[in-house]
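For the record, the sequence lines run as chains A and B.
Here this note's numbering is used: the first residue of the first sequence is 10, the next is one more, and so on.
Here this note's numbering is used: the first residue of the second sequence is 10, the next is one more, and so on.
For every residue, glycine included, the Cβ atom is placed at its ideal position computed from N, Cα and C.
On a predicted model such as this, the values are computed, not experimentally measured, just so you know.
Protein chains: 2
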Amino acid sequence: MNDIQLYDATLRDGMGGGGMTLTAAEKLRVVRALDDLGVHMIEAGFPASNPKEQELFELLAGEHLAVAQIVAFGMTRRRETAAEDDEGLRVLAECFASVCTLVGKASVLHVEKVVRVSREENLAMIADSVAFLVGAGKRVLLDAEHFFDGFCLDAGYSLDCLRAAADAGAERVVLCDTNGGSLPPQIRTAFAVVAEALPGVALGIHTHDDSGCAVANTLVAVESGATQVQGTINGIGERTGNANLVTIIADLQLKMGVELLELERLARLTDTAHFVDELLNRSPNPTQPYVGKHAFAHKAGLHAAGVRAASETFEHIDPAVVGNGRDVLISELSGKGTIVEKATQAGISADEEFAERVLARVKDLEHEGFQFEAADGSFELLMRKEAGGYQPLFRLESWRVIVEQRADGKVETEAVVKIWVEGERYVRTAEGNGPVNALDEALRAAIGELYPHLHDIELVNFKVRILDERKGTGAITRVLIDATDGQDVWGSIGVSENLIAASWDALVDSLEYGMQPGAQERPPRDAGEPSAGTRGRV
Amino acid sequence: MNDIQLYDATLRDGMGGGGMTLTAAEKLRVVRALDDLGVHMIEAGFPASNPKEQELFELLAGEHLAVAQIVAFGMTRRRETAAEDDEGLRVLAECFASVCTLVGKASVLHVEKVVRVSREENLAMIADSVAFLVGAGKRVLLDAEHFFDGFCLDAGYSLDCLRAAADAGAERVVLCDTNGGSLPPQIRTAFAVVAEALPGVALGIHTHDDSGCAVANTLVAVESGATQVQGTINGIGERTGNANLVTIIADLQLKMGVELLELERLARLTDTAHFVDELLNRSPNPTQPYVGKHAFAHKAGLHAAGVRAASETFEHIDPAVVGNGRDVLISELSGKGTIVEKATQAGISADEEFAERVLARVKDLEHEGFQFEAADGSFELLMRKEAGGYQPLFRLESWRVIVEQRADGKVETEAVVKIWVEGERYVRTAEGNGPVNALDEALRAAIGELYPHLHDIELVNFKVRILDERKGTGAITRVLIDATDGQDVWGSIGVSENLIAASWDALVDSLEYGMQPGAQERPPRDAGEPSAGTRGRV
C-alpha cells in the first residue's frame, strides 16, 4: 500500500479542544514544521473576514512550502441560496489556496433534525457548492460529516451524499466518524460498500477517539481502500480528540509497509509532536505512542548492555527511527554521547570524563528534584560551571521579599536585592504584582545599566510544581521559567523547599543564560524548525 | 457475545508506569472500588515476603468481596529446578488466593536470548509450574508473554507453549502483546490459528498501547474468541500503558452488545476511573474516552435545548450510562439541577432562583480564573455565603509575609497575621519553610485555641497554575489546596495576580470549610467508595 496522503487538521479541527489557541504567527510555525515533516495537506481554517484568520492566510500566501498544500476549509452553501451568492463559498473561491475542503452532512438524521432541509436540498447543497468551487478552479474535497452514523440509519442516502460530491467534480470524499462512536468493524463494512458503490472515487478517513479506536479505525480504513488519512498532531481536538496523526504515520510506515516519508523526515516525528505541544503550552504526554518520553523506557531490571544485545526482545521498533530515544532523560548512562554533543554545540570542549562528571552532577540534582528536560538554559550553565572558569553576572549578598495584605485590603509586594558586581555593591528595591515579579524588577534595577542586553530578555512562562504532593505546603517546590530575547527561547529551573527561593534560582539562571558571552552571537535557531520547539530536551 | 471476564491488572502491571505507587491500604481501596464496579478478577501482585506485599495479602485475606476474585501473580519455575523446590511457586501455593496467574515465555526469541534455556526446558517450566499449582488446589491462568511477537517468528512453538499450560491443567491461557507492537489484523490472525489448534481452551487477551491500538486489539480478540480481557484502570502501565479497561468495558457493553455489568455498576465507571487517578495523585485525563471531563463537552454553538431535542445527533452514547455528564462544569446552564442537589446535600435550602444566583456568581468568578471542579470546599462556602447568614471564622485586618535569603545563604520565612474574632484582636507571627506554610502556621497560632478542631485539619496538597502563561510572572495565579480532617477531603481555590494572595485565599477557604458548623457531624464518606475519590466534582 503506497501513495497514502497525509492530511493534517491540527489548525482547524484540533483547535476545538479545550484551551487550544494559537496566534497567526504560531500557526505559521506549525505549518512550517508540518511541511518539514512531509505532511501533504494542511487544513489552515476558514479564510474568513475576521482579522486573525485574514492575517494567517496573508502569511500563508507568501510562504513557500516544499511538500505541503494549504487547504482552505468551509461549509456547503446555505439552504435555498445559489452557490455564487453564498458569502462563505465566495471567500473560499477568492482565497489563494488551490485546495478547498467542504464539510457537508452525510446523515439523514442531521439533514432532518439539525439542518432541517429536505433530503434533496441537502444533496443539492453539496453538489452546487462543489461545482461552484471546481468552476472557480479549485481542487475540492468533501468531508462527509456523520457518514458512519448516517450509514447505519440509511446507507443509501449517505452514499447519495458522496455521489453528489463526486459527480459535481470533487477530487475526493472523506468519510467522517464525527461523533467518534464507531468501532473498526463498522468502518470496514462501510468502506467495502462505498468502494463497490462508487468505483474509482478517491476516499479519505477522518475519525475521533470517543471509543478509544480513532487510530485503529483509520488503519482499517486504509486497509479497506482509503488513500487519505486525516488527523491532528498529538490527537488534539474536541472532546476526546481527533485521530492522532503522529501515531498513524508511524503505524502506517513502520507496521503496514506504507512508504510515506523519507527516513530523515520520519526522524522528525518526535520533535514535531513536542513542538506543537510547546506552542500550545501543553506538557507533552509522556505515554504517547512512539514519541512520548516513556514510550521506550524500560524496567529497572533491564540494563543498558542487555538492551543493546537484543533490543528487539522488548522494543517494538527502534526509537531512533521516529526521533525518540530509549531514554530521553539526561540522567541515563546512554546519554553520555548526548552530553558531549550538547557541550560541543555550546562551545564547551568536552570529553568522556567531562560527560561523566556532568552526569554525576545531574544525577545528584535530579535526586533533589531537578529535572533538566525543560530547562536547557540551566543545563548549559551547569556544564559551563563544571567546565571551570565560569563568570557569574553578579555575586549575591542577600534578597528579601515582603508581601502584605494591608488593613485597607490592598496587596503590596516589595523586593530588595543586595548584590556585588566587580567590587561594587548594589542595593535595589522594586515593587511588583507578585513576589517573583518584584524580585525580577529589583535585580534588573541593580544590573540593568551594566548589561543593557537584559532589557531584551523577557520572562514568558512561569510554572510551579510541587513534588511529593501529599505533603502539602511543606513539600519541595520546582519552578520552571521560560525566557526569550526575541529570537531564542530557553528554560531554567529552581528547586527548593521554599517557593520563593526556588523562583529566585530559576530567575537568576534565566538571566545568566541569556547574558552569557556569546549568547547573542550564537546562530539564531529558526523559529520555524521543529527543533526550536523542543527546547526542553537536552 | 456474553460471559466475558474482566481481569484488572492495575495493581500489578499498572504499577510499572512512571511514578506509580500505592500503599497496601490504598490498594485495598482500589480492590473495593473494582469489586463495586463488578470486575471479575483482580491481580493483586506477588504475595512476596517483603512487608508491603505481605500486608496487602493479609488485608485481602480478611476482605469479603461481592464479585471479584483476588489473583496472585508469579512466574514459572526457575530453570532446572523442581516446581516444588521453587520458592516463588511455594509462596503462591501457600497464599490465600484461589486463583494464580503465571507468566511464562511464549516466544522462541525470548526463550533463547533472554531466559537462555532450551525450547524443551521452557515448555517443561510452564507445564511443571502449572501442574504444581493445580495440584495445590489452585485455579491457574497462563499469561503467555510475547505471544504475538513469538507467533510471527515461530507460530508452532508459541502454540506449544499454550498447549503445555492447557495440558497441565491451566483453566485459561492469555495471549499477551507484551511489547505492544501488534495491530488488529495480527491479533485476529493469531486468534484464528489458536482457536483451531487448541479447541476448547479458554482464551484471554492482554495488550499494551505502543501502537495506539491496545483497545482495538482487545476488541478484535473478543470478536475472535477471547473470553477474558485484561487491562488497567485508565490504561496506566509501563511505557505507553496497558489496554484501558475503562474504555474496553464501555465499548464491549455499549457498542458490542456484551452483557458485562448491571447498569448501576456501569454508572460507576467514571467515578471509579477518577478515584484511581486520585489515589495515584494523577490529574484525570480530561480527554479520556467515556469518562473524561471533556468526553461529552460540546461546542459553544450548540445550546442546551438543542442538545436535549436530539442528543443522538452529536453524542455517541448517553453520558449518564457511564456516570459521566454532558458537561461536568458547574458553569453550564444544564448545571442548575446539580446546584440545587449540591446545596440540598450541604443542608442549604435551595430553589431555582437560588441556583440561578449561584450560577451567576460562579460565572463571574470563572471569568476571573476560578475553577470549582477541584474546589468543592470553596464551592460549598460560596453557596453558604450566597444563602446568607454565613459566619466566617474571623475578620482579617492584615497579613504580611517576609521571605529572605540572608547574607549567610540561609533562607528565612516569617508571616504575621492580624485578625479579629468576637471583638478581640489577635496578632501572631510564625516561621515556616515557605510563605504559605508560614501563613498557615500564623493563622493557626491565632485561632487554634478558639477552634481546637483546627488541629485535625491538615493540608495534603498544594498546586499552583499560571493562567495565560504567556505573560510570565505577571500572569494570574490559581492556587488549589486539598485539606483533610482524617475522614473527609476537600478542595479550595484562590485566584490572584499575586501568588501569595491567591495562596492565602485558598488557605482560608480550606480552614473555613473544615470548621463550618456541621462539618464534623456530616456522615463520613466511606473511603472505600469510589465516590469519595471524586472530591473535585461539584
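Asked	Found
Cβ of L463(B) within 9 Å of any chain A Cβ	no
I13(B) Cβ short of 8 Å to the ligand MG heavy atom set	This structure lacks the ligand MG; in fact it carries no ligand of any kind.
Alpha carbon of M134(A) to alpha carbon of D169(A), nearest angstrom	12 Å
Distance between beta carbons of V231(A) and L261(A), contact taken as under 8 Å	7 Å
Cβ-based neighbour list, L338(A), same chain, cut-off 6 Å, excluding 5 preceding and 5 following	For L338(A), the predicted structure reports a pLDDT of 41, less than 50, and the residue's modelled location is therefore unreliable. The matter cannot be settled from this model.
Minimum Cβ-Cβ distance from R274(A) to chain B less than 9 Å	no
Integer-rounded CB distance, given that V517(B) should sit under 8 Å from D491(B)	Going by Cβ atoms, the distance from D491(B) to V517(B) rounds to 15 Å, so no, they are not a contact pair.
Distance, G266(B) Cα to F2(A) Cα	Here chain A has residues from 10 to 547 only, and residue 2(A) is not among them.
Residues that H217(B) bridges to, as DSSP identifies them	N251(B)
Closest Cα partner of G83(B) within the set G26(B), T30(B), L142(B), A511(B)	L142(B)
Uninterrupted beta strand (DSSP E) stretches inside the segment 15-55 of chain A (no shorter than 3 residues)	50-54
Chain B contacts from the segment 416-436 of chain A (Cβ-Cβ distance under 7 Å)	A416, V420, T422
Which listed residue (H303(B), T256(B), F305(B)) has its alpha carbon closest to that of T1(B)	Residue 1(B) is absent from the structure shown; chain B starts at 10 and stops at 547.
Beta strand (DSSP E) segment containing T422(A), residue limits	420-430
Cβ of E232(B) within 9 Å of any chain A Cβ	yes
Residue closest to T241(B), alpha-carbon to alpha-carbon, out of T216(B), A511(B), R128(B), R38(B)	T216(B)
Min CB distance E341(A) to chain B below 9 Å	Residue placement at E341(A) is poorly supported in this model, since its pLDDT is 40, which falls under 50; the coordinates still yield a value, given next. It does not; no Cβ of chain B falls within 9 Å.
Alpha-carbon to alpha-carbon, T187(A) and T322(B)	10 Å
Residues of the segment 28-47 of chain B with Cβ closer than 7 Å to any Cβ of chain A, in chain order	none
CB contact below 9 Å: V100(A) versus chain B	no
Test: Q7(A) CB closer than 9 Å to a CB of chain B	Outside the shown range of chain A (10 to 547) lies residue 7(A), about which nothing can therefore be said.
Per-residue burial, H464(B) [other beta carbons within 10 Å of its own, 16 or more giving buried]	exposed
Alpha carbon of V108(A) to alpha carbon of T296(B), nearest angstrom	31 Å
Against chain B: residues of the segment 194-222 of chain A by CB proximity under 8 Å	P194, D218, D219, S220, G221, C222
Chain-ordered chain A contacts of G250(B) [CB-CB under 7 Å]	T296
N-terminal and C-terminal residue of the alpha helix (DSSP H) that D152(A) is part of	Unbroken run through D152(A) is the beta strand (DSSP E), 148-154; no alpha helix (DSSP H).
CA nearest to the CA of L212(B), picked from D327(B), L254(B), H283(B), I13(B)	I13(B)
Any 3 or more C-beta pairs closer than 8 Å across the segment 102-119 of chain A and the segment 169-180 of chain A	yes
Coil, strand or helix - I13(B) by DSSP	coil
Beta-carbon gap between D219(A) and Y299(B) smaller than 9 Å	yes
Minimum C-alpha distance to A319(A) - residue among L275(B), E130(B), V124(B)	V124(B)
Test: S407(A) CB closer than 9 Å to a CB of chain B	yes
V436(B), buried or exposed, once every other Cβ within 10 Å from all chains shown has been counted against 16	exposed
Beta-carbon spacing of V371(B), Y16(B) below 9 Å	no
Strand pairing of Q239(B), partner residues [DSSP]	Y16(B), H215(B)
F381(A) in three-state terms, based on DSSP	coil
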